[in-house]
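Down below is the structure, laid out as structure tokens.
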Amino acid sequence: MLSEALLRADSIARHFETVFLFTKADVRTTLIPVTIFALAASPTHQLTCALHAAFWIWLHLLQFNISNQIQDPEEDRKNKPSRPIPAGRISVDSAADMRWVLTPACLLLSWWHGIQALMASVVFAALTIWYNELQGDKMGFSKNVLTAILYGCLEVGGTVAAGNSFIDDAGVLAVALSSTVFATTLHAQDFKDELGDRLTGRRTLPTIFPKAARISMMLGIPLWSFGLSCIWKIDMLSTAVLVAYGAFVGNRFVKYRTVSADKQSCKFYSMWYSLCHLLPGYWRYFYGAA
Numbered sequence: 001m002l003s004e005a006l007l008r009a010d011s012i013a014r015h016f017e018t019v020f021l022f023t024k025a026d027v028r029t030t031l032i033p034v035t036i037f038a039l040a041a042s043p044t045h046q047l048t049c050a051l052h053a054a055f056w057i058w059l060h061l062l063q064f065n066i067s068n069q070i071q072d073p074e075e076d077r078k079n080k081p082s083r084p085i086p087a088g089r090i091s092v093d094s095a096a097d098m099r100w101v102l103t104p105a106c107l108l109l110s111w112w113h114g115i116q117a118l119m120a121s122v123v124f125a126a127l128t129i130w131y132n133e134l135q136g137d138k139m140g141f142s143k144n145v146l147t148a149i150l151y152g153c154l155e156v157g158g159t160v161a162a163g164n165s166f167i168d169d170a171g172v173l174a175v176a177l178s179s180t181v182f183a184t185t186l187h188a189q190d191f192k193d194e195l196g197d198r199l200t201g202r203r204t205l206p207t208i209f210p211k212a213a214r215i216s217m218m219l220g221i222p223l224w225s226f227g228l229s230c231i232w233k234i235d236m237l238s239t240a241v242l243v244a245y246g247a248f249v250g251n252r253f254v255k256y257r258t259v260s261a262d263k264q265s266c267k268f269y270s271m272w273y274s275l276c277h278l279l280p281g282y283w284r285y286f287y288g289a290a
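Right, dumping it as structure tokens:
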């Protein structure tokens, strides 16, 4: 009896680990930053709300990632063998079944949170099909636009889940700004994969405009740092620190161009983007009640 229970527990734990591995790479770049944003943009701040937001975001992220990873498992076997499918933890067919079960599951969860979360989930599901099944990610510009809108859907749904209410005007502005910033800077994540993208024929901004893409990071990140600080009425010292850090991050993409350096620069970029997500919370704390 005990041995059977242990084996069953081990099997359940393995299944949970497999599910988590589909989203592991996006915990730092997506789950944490978007959850931070949702809490900052939401008018309420409670632990249970944070858990609701994180779970809503993670479940939709899981839907997208499984959809993405069943498209070309052979490429993952070469470049990302630790992912669940190439690692042999789950078959492509089983992953595909899970992918299509997750779509109604996400919609049901969103319906429980309200009409805005439901609409965000519907748009997210449609764009997931466009991005993955219809290969909308193959072109640099359309990839950026689609990814930014998908990211915005996560922010809308996460913010609604965090506040369990409709998004107010400040929340709408926060989502619009965040999506625009992401659309114009997310190619920071493509530099480290530039060589592989060239070999596979995938068109990204770094492969189409290698020099201009790097210069855009050097200029865009500090400019966005200053612009967002002004919009959210950040104090002068914090503005100076954010702009200085943004200049440091942007300059790295121009000065250091090796694969290892681009990976490190991407980590610094993720930190910068997470800091930008805190700015609506600053505004709510100091000016929201005014």
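Residue 1 is where the sequence shown starts when you use UniProt numbering, and the numbers rise one by one after that. For each residue, glycine too, the CB sits at the ideal point set by N, CA and C.
Taking its Cβ as the centre, do 16 or more other Cβ atoms sit within 10 Å of M236, making it buried, or is it exposed? Label assigned to M236: exposed.
Near L278, what residues of its chain come up, given a Cβ to Cβ distance below 6 Å and the 5 sequence neighbours on each side ignored? So the qualifying residues of the chain are A40.
Cβ-Cβ distance between S121 and C106 below 7 Å: Judged by beta-carbon spacing, C106 lies within the 7 Å limit of S121, meaning their Cβ atoms are closer than that value.
Assigned secondary structure, P104 (DSSP; H/G/I helix, E/B strand, else coil): Correct three-state label for P104: helix.
Does DSSP put T258 in a helix, in a strand, or in coil? Three-state DSSP puts T258 in coil, outside helix and strand.
Using the beta-carbon count (16 or more within 10 Å), is D97 buried or exposed? When all chains shown are included, D97 counts as exposed.
Would you kindly work out how many angstroms separate the C-alpha atoms of I90 and N79, rounded to a whole number? Each residue's Cα considered, the two are about 18 Å apart.
How many angstroms separate the CA atom of T239 from the CA atom of F226? The alpha-carbon atoms of T239 and F226 are separated by roughly 7 Å.
Using 8 Å for Cβ pairs, my map puts L102 next to I66. What's the rounded Cβ distance? Between L102 and I66, the beta carbon gap of about 7 Å places them in contact (Cβ cut-off 8 Å).
Any chance the region 116-132 sits against the region 151-162, with 3 or more Cβ pairs inside 8 Å? Contact between the region 116-132 and the region 151-162 is present, because at least three Cβ pairs lie under 8 Å.
Could you pull out every unbroken beta strand (DSSP E) segment of at least 3 residues lying fully inside the region 83-134, listed in chain order? Segments of the beta strand (DSSP E) lying fully in the region 83-134: there are none.
Apart from the five residues on each side of it in sequence, which residues of its chain come closer than 6 Å, Cβ to Cβ, to A290? Note that A290 scores 49 on pLDDT, short of 50, meaning its location in the model is unreliable and no value can be drawn from it.
Validate contact between the region 242-261 and the region 210-220 using beta carbons, cut 8 Å, 3 pairs: Yes, the region 242-261 touches the region 210-220.
Identify the continuous alpha helix (DSSP H) that holds residue 291 and give its terminal residues. Past the boundaries of the shown model lies residue 291; the chain is included only from 1 to 290, so the question cannot be answered.
Own chain, CB closer than 8 Å to P33, minus 5 neighbours either side, in chain order: Setting aside the 5 residues that flank it on each side, P33 is surrounded in the same chain by S270, Y273, S274 and H277, each with a C-beta closer than 8 Å to its C-beta; the list follows chain order.
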